[in-house]
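Student: Below is one structure. I have some questions about it.
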Amino acid sequence: MIFAIANQKGGVLKTTTTYNVSKALAEAGKCVLMVDLDSQASLTISTGHEPSEYQNTICDLLKKRPEKVEKCIYNIAENLDLIPSIIDLASLEMELMSRTARESVLSRALEEAAKYDFILIDCPPQLSILTLNALAAADAVIIPCKTDYLSYRGLEQLENTIDEVQDLVNPDLHIFGIVATLYEMVVKDHNEILDMLKEKYNVIGVTKKSALATKGIYDGKCVVERDPRSEIAKEYVKIANIIMKGCK
Ligand SMILES: Nc1ncnc2c1ncn2[C@@H]1O[C@H](COP(=O)(O)OP(=O)(O)OP(=O)(O)O)[C@@H](O)[C@H]1O
Ligand SMILES: [Mg+2]
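Counting in this note's numbering, the sequence shown tops out at residue 331, every number present.
Have a look at this one:
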């Protein structure tokens, strides 16, 4: 099962959600591949590695004469693999625009990665050709969304794009769920927006704003690994359980 972790808004915890949920799935014994589809390479860096360390990256998979997918995959933990990204993805994105069937390049490449129980694609913060590639490759979308009004309204645009991809290239694509992020219980607005999100969408998790969540960023450890007993880590494990249950 392939998930796109998508939202065109920046800083809504797409990368953090991808890493923590993937880690929780891997710890539950599932074979997981994370795909860093953002030229900022935040996911790659979050895992404690430098993009330049890797001989092959997502660019080598998406270029005109691509490498075989297994040559772009690196093991980073037990049951957990990564296709890393690098800044060069920004220029490759331009090249991608001139290709035939340009939104299906990733989908075709991932067909060869059939051994995984779950593939999670960390999307960039735009509705770009890269995000379209993720949506075309995915079975379902997980949307991290901040609990503020503009983030809530921003979901309409993403839903329109998902509908379009569904109509044109990927009829089975659907929204698996929303993860409400950076929630602050003491902020009245956040509670109102959380209620609105729950009314309209399937909210599969709520993660609170917390300094604890960012502490391990220097040593490549996500909160699920570093602080498994924290409330935030437990929430990511809960989301992983919902995914495993929903995908049986
Ligand atoms: N629970 C949390 N509370 C506060 N900050 C957090 C929390 N979890 C993660 N962060 C921090 O929030 C920032 C943005 O997170 P992240 O990079 O996951 O968002 P993103 O949606 O992937 O961003 P972009 O749109 O740039 O790709 C990061 O610095 C991250 O370490
Ligand atoms: Mg990101």
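Note that CB positions come from ideal geometry on N, CA and C, so glycine has one too.
(1) Answer yes or no: do ALA89 and LEU238 have a C-beta to C-beta separation smaller than 8 Å?
(2) Using a Cβ-based criterion (distance less than 7 Å to any ligand heavy atom), does SER125 qualify as near ligand 2?
(3) Relative to the alpha-carbon of TYR102, which residue among LYS92, GLU153 and LEU116 has its alpha-carbon at the smallest distance?
(4) What are the boundary residues of the beta strand (DSSP E) that includes VAL286?
(5) For the alpha helix (DSSP H) containing LEU295, list its first residue and its last residue.
(6) Using 7 Å as the cut-off, classify the Cβ of THR297 as near or not near the heavy atoms of ligand 4, replying yes or no.
(7) Do ASP119 and ILE166 have their CB atoms nearer than 8 Å?
(8) Any heavy atom of ligand 2 closer than 7 Å to the Cβ of ASP171?
(9) With hydrogens ignored, establish whether the beta-carbon of ILE322 is closer than 7 Å to any heavy atom of ligand 1.
(10) Relative to the C-alpha of GLU174, which residue among VAL320, LEU213 and ALA197 is closest?
(11) If contact is defined by three or more beta carbon pairs under 8 Å, each pair taking one atom from either stretch, is the segment 243-254 in contact with the segment 213-229?
(12) Just confirm the distance between the C-beta atoms of ILE261 and ILE300, as a whole number of angstroms; I'd bet it's less than 8 Å.
(13) Assuming VAL252 and GLU195 are in contact, meaning their beta carbons sit under 8 Å apart, how far apart are those beta carbons, in whole angstroms?
(14) Which class does LEU165 belong to by DSSP, given the choice of helix, strand or coil?
(15) I'd like to confirm something about LYS97: is its beta-carbon nearer than 7 Å to some heavy atom of ligand 2, or not?
(16) Please confirm whether THR230 and LEU265 have their CB atoms less than 8 Å apart.
(17) For a test of the three-state rule: what should DSSP assign to VAL224, helix, strand or coil?
(18) For the alpha helix (DSSP H) holding LEU241, just list the boundary residues, first then last.
(19) Return yes when at least one heavy atom of ligand 1 lies under 7 Å from the C-beta of ASP121, else no.
(20) Among the candidates ALA184, ASN158, THR127 and GLU110, whose CA atom is the shortest distance from the CA of VAL320?
(21) Is the segment 219-227 touching the segment 123-138, taking contact as three or more C-beta pairs under 8 Å?
Tutor: Reading from the atomic positions:
(1) no
(2) yes
(3) LEU116
(4) 286-291
(5) From DSSP, LEU295 is part of no alpha helix (DSSP H); its letter is neither H nor E.
(6) Ligand 4 is absent from the structure shown, which contains only ligand 1 and ligand 2.
(7) yes
(8) no
(9) no
(10) According to the sequence shown, residue 174 is Ser rather than Glu. Ranking the options by Cα distance to SER174, first place goes to LEU213.
(11) yes
(12) No, ILE261 and ILE300 are not in contact; Cβ-Cβ is about 24 Å, not under 8 Å.
(13) Contact flag wrong, Cβ pair sits at about 19 Å.
(14) strand
(15) yes
(16) yes
(17) strand
(18) 232-251
(19) yes
(20) GLU110
(21) no
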